[in-house]
């Protein structure tokens, strides 16, 4: 029963705090550029404003365009129920398997790109193709890094992987460290930060698939994108940085675990903001030259794992 309560609380907190995290990132980026910038609550204002507007769709769009926003949002909620955030155990073990998480992460990406093509807008179609390209370039390194961690820990459950790594019981510690580096870089690409994306600018290609959305549908998608960022960071923390998470399901342990989790997530997002403001934008067609380097690091981790190092 405690696990179910934790899963529900995690999902609710994710919905409530996602706009705050994205708004804080925008505010921090503005401060680093010596600009005044928007309020940290700006994303809440934007979402509430969109919820009051009319939901419009193009005449040629099918049910796919209408299905994508609630499917994106629902998938993020399901992932939040199974992701170990404040504990080292998955609240819902069935949803904590890395294969299940990978497929659930790929599902909204597929419908995101499909809805872009379905809108019959050429600009949206280019954005949808770009989204699929990012998935093809990033997901192999993600999967290989997780595969190395699974081999080193003997399990594919995220909670148990984190428990083994947190207790320093992995059979190949060097391979786990190298896999963690590769996974961290791949997660950074997934976050939609510079030099690969500039998510706050609607004219960017990443926002192209959203050109034909408005009202509550657009609010759901923007909320889901912010939730995805937190879940990607939580995924990395749960597997490769589980230190400090609650091992027991007692109130003091959960409180300490929640505090440590917030500190780790805040540090990671701050580091991402620093990196984002130190690099220049690159063309998305050149991403392959950098993402293949990440794949190479993942392969190196696999070699270390085979050698037992």
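Numbering (our numbering), first residue to last: 295 to 603.
For each residue, glycine too, the CB sits at the ideal point set by N, CA and C.
For residue i, list the residues DSSP reports as bridge partners.
| i | result |
| --- | --- |
| residue 391 | 451 |
| residue 631 | No information on residue 631 is available, as it lies outside the stretch 295 to 603 that the chain covers here. |
With 16 other CB atoms within 10 Å as the buried threshold, where does residue i fall?
| i | result |
| --- | --- |
| residue 376 | buried |
| residue 319 | buried |
| residue 556 | exposed |
| residue 459 | buried |
| residue 463 | exposed |
| residue 295 | exposed |
| residue 310 | exposed |
| residue 461 | exposed |
| residue 328 | exposed |
| residue 497 | With a pLDDT of only 45 at residue 497, under 50, the local geometry of the prediction cannot be trusted, and the value read off the model is given with reservation. Looking at its Cβ environment, which holds fewer than 16 other Cβ atoms inside 10 Å, residue 497 is exposed. |
| residue 385 | buried |
| residue 321 | buried |
| residue 495 | Unreliable placement is indicated for residue 495, whose pLDDT of 43 sits below 50; the coordinate value is still reported in the next sentence. The residue is exposed, with fewer than 16 neighbouring Cβ atoms inside 10 Å. |
| residue 493 | Bear in mind that a pLDDT of 43 at residue 493, under 50, signals an unreliable position, so the model cannot answer this. |
| residue 301 | buried |
| residue 524 | buried |
| residue 487 | buried |
| residue 453 | buried |
| residue 354 | exposed |
Alpha helix (DSSP H) containing residue i: first to last residue?
| i | result |
| --- | --- |
| residue 337 | 336 to 345 |
| residue 320 | 296 to 326 |
| residue 359 | 357 to 376 |
| residue 574 | Per DSSP, residue 574 belongs to no alpha helix (DSSP H) and is neither H nor E. |
| residue 482 | 467 to 484 |
| residue 583 | 581 to 601 |
| residue 515 | 509 to 534 |
Say whether chain B places a C-beta atom closer than 8 Å to the C-beta of residue i.
| i | result |
| --- | --- |
| residue 401 | Absent from the structure: chain B. Only one protein chain is present. |
Just to confirm my understanding: we take residue i, look at its own chain, exclude 5 residues before and 5 after, and list those with CB closer than 8 Å. What are they?
| i | result |
| --- | --- |
| residue 508 | 344, 347, 348, 349, 350 |
| residue 352 | 359, 413, 414, 415, 506 |
| residue 602 | 465, 466 |
| residue 324 | 330, 331, 332 |
| residue 499 | Because residue 499 sits at a pLDDT of 48, beneath the cut-off of 50, its placement in the model cannot be relied upon, and the following sentence gives the value as read from the coordinates. Correct list, in chain order: 420, 421, 424, 578. |
| residue 437 | 396 |
Tell me which same chain residues have a C-beta within less than 7 Å of the C-beta of residue i, skipping the five on either side of it?
| i | result |
| --- | --- |
| residue 504 | 512, 515 |
| residue 435 | 476, 480, 585, 588, 589, 592 |
| residue 547 | 540, 541 |
Might you give, ordered along the chain, the residues of its own chain that have their beta carbon closer than 6 Å to the beta carbon of residue i, omitting 5 neighbours on each side?
| i | result |
| --- | --- |
| residue 607 | The displayed coordinates of the chain run from 295 to 603. Any statement about residue 607 would go beyond what the structure contains. |
| residue 442 | 469, 473, 595, 596, 599 |
| residue 528 | 377, 379 |
| residue 431 | 581, 582, 585 |
| residue 543 | 296 |
| residue 573 | 488, 489 |
**Prompt:** Three or more beta-carbon pairs under 8 Å between the segment 306 to 322 and the segment 334 to 346, yes or no?
**Reply:** yes
**Item:** the segment 397 to 408 / the segment 550 to 569 touching (three or more Cβ pairs under 8 Å)
**Value:** no
**Asked** How do the segment 506 to 516 and the segment 470 to 479 stand: do at least 3 beta-carbon pairs fall below 8 Å, yes or no?
**Response** For the pair of segments examined, the segment 506 to 516 was found not to touch the segment 470 to 479: the number of CB pairs separated by less than 8 Å stays below three.
**Item:** Touching by the beta-carbon criterion (3+ pairs, under 8 Å), the segment 389 to 406 and the segment 542 to 552
**Value:** Counting Cβ pairs under 8 Å, fewer than three are found: no touch.
**Request:** Check whether the segment 420 to 438 touches the segment 352 to 371, counting contact only when three or more Cβ pairs, one atom from each stretch, lie closer than 8 Å.
**Result:** Not touching, per the Cβ criterion.
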